[in-house]
Amino acid sequence: MKWVLIIVLLHSTISAARLPGRPDSASDVASGGAQAATLESESSRHHRSLQQDTTLRTLPNQTIELMDAKIASFSPCLGVNWELLWSDEFSDYASAAVDPAKWSYQTGDGSQYGIPGWGNDELQYYTERSSNLYVQDGKLIIQAQRESGENSDWMYKKCLNECEYRCNLEGKTKTDDISGCVQTCSVPRCDEIKATGATSARIRTFGKLAVVPSEDYPSVRIEASVKLPRGVGLWPAFWMLPEQSPSNCSGCGRYGKWPASGEIDIFEAANDMSNIQGTLFYGAEGEVQQYSGNGGPAPVDVFQTIALEWDYEQMRWFIDDRQFMQADSAAKLNSMGIPGGWYTKTGQGNAPFDAAFYLILNLAVGGNYPNADPAATLADLSLGAKKMEVDYIRVCGKAATPSETHL
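Set out below in structure tokens:
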């Protein structure tokens, strides 16, 4: 089967025939009759405009002061071995909101997917408000904060409205007890959300960008330049879930429910950010298998380039081009001829990571991963908002050589 790195463009002027081997749902997930197209358009032009070197030379005892300069961290995606396929530089924004052609918001507490607390006992309620996510000075800011007064009342009303909406979808009436609806947050959950008062933001490229190695690009790289916040119970992450997923299921895909269809964590960290971690989840429904690697601490107030390089049978994780983790497919035999690595019981070969995955950026508060006391987490958040900053996100590929064929 031939897979290609694809992007789904909303309101696109690009037209393309259905790609060989691409399932129907990949182009159906976007609203407005979105069309699928291979990533070959303006990427080369954008690549050339970004790939410019600047050399500063000084005489002894002289200094140069750079005012309002944006010095990018090291980015292999702009190097000679890679071709830039997609990026968001957060530089030329007419407003403070993210580009709707590239990103969409996920709001609420996960109850719409049947996983209150986003399945991890997280405390935050995701919103699409500008106080939780905005673009400023060429950077994306995701801000977690503690709400009170009118803002906490707003959270409560929004939670109840979402519950009522889902009840109506299930044939309930407004007079029914909405706390009894299937896949709702229930009234007690809304009370808890109001009392907690924690808000943040989560965005994704679902229906807009999906990545997988292809015949044209057997190696792909996804990288982000990020500066992480410090704080009790904070949980920033840049990760990926299967594109071929129904709208009411988080983590579902071609091979079934999570983790059978896979999850790729490019990075996540928690609390004081003393350890950046990459992880794969796979296996089968009810049988969670994972492979994790530790990348070390995140320096204070410094942007780092954190990246994933993905081949057909291998993935590699990097911090500032220092590799800290590697995972192999079970389809790849080791030196003794024994298969090992990722797999799914509902697929073969390189499954589940032979399917396209979309990108997710979020800043969670609390939950099982930070494993911090909720009271301490909320007390720390009450002292001031916490910001995760993103300078850019880039997707690039290495073109296939004549000897490389994957059918």
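The sequence shown begins at 204 in our numbering and counts up by one. C-beta: ideal position from N, C-alpha, C; glycine also. The structure displayed is predicted, hence computed values, not measured ones.
Check, Outcome
"Member of Asp576, Arg519 and Tyr515 whose CA lies at the smallest distance from the CA of Gln613", "Outside the shown range of the chain, which is 204 to 610, sits residue 613, and nothing can be said about it."
"For Ala510 and Glu426, believed in contact at Cβ under 8 Å, the rounded distance", "4 Å"
"Sheet register partners of Ile344 (DSSP bridge)", "Tyr337 and Glu592"
"Option in Asn474, Leu586, Trp438 and Ile469 with minimal Cα separation from Asn323", "Trp438"
"From Thr604, Ala603 and Cys599, residue whose alpha carbon lies closest to that of Gly282", "Cys599"
"Residue nearest to Ser278 in terms of C-alpha spacing, selected from Arg424, Ser294 and Ser403", "Arg424"
"Whole-angstrom distance between Ile541 and Ala299, CA atom to CA atom", "52 Å"
"Whole-angstrom distance between Asn553 and Val415, CA atom to CA atom", "12 Å"
"Minimum C-alpha distance to Asp504 - residue among Gly400, Glu512 and Val429", "Val429"
"Residue environment, Pro605, which counts as buried when at least 16 other CB atoms sit within 10 Å", "exposed"
"Every unbroken beta strand (DSSP E) within the segment 524–567, with a cutoff of 3 residues, ordered by chain", "525–531"
"Coil, strand or helix - Cys362 by DSSP", "helix"
"7 Å Cβ shell around Met476 - same chain, five flanking residues per side excluded", "Leu431, Arg433, Pro500 and Ala501"
"Tyr458 vs Pro555 beta-carbon contact at 8 Å", "yes"
"Neighbour-count burial assignment, Ala602, 16 or more Cβ in a 10 Å radius", "exposed"
"Whole-angstrom distance between Ala297 and Gly543, CA atom to CA atom", "49 Å"
"Spatially closest choice to Glu633 from Glu331, Leu566 and Thr310, by CA coordinates", "One cannot answer for residue 633 here, as it falls past the ends of the chain, which runs 204 to 610."
"Run of the alpha helix (DSSP H) containing Thr580, from where it starts to where it stops", "Pro577 to Ser585"
"Gln517 versus Asp531: straight-line alpha-carbon distance, rounded", "4 Å"
"C-beta atoms of Ile596 and Arg407 nearer than 8 Å", "no"
"Of the residues Val568, Glu490, Ser585 and Thr482, the one placed nearest Gln529, counting alpha carbons only", "Thr482"
"Nearest-angstrom Cβ-Cβ length linking Phe527 and Ile467, presumed shorter than 8 Å", "Actually they do not touch by this definition, with Cβ atoms about 15 Å apart."
"Cut-off 8 Å between Cβ atoms - residues of its own chain near Glu331, not counting five sequence neighbours on either side", "Tyr308, Thr310 and Ala404"
"Lys460 versus Ala582 - alpha carbon distance", "36 Å"
"Distance between Gln551 and Asp557 (C-alpha atoms, nearest Å)", "9 Å"
"Proximity below 8 Å, CB of Tyr316 to CB of Cys452", "yes"
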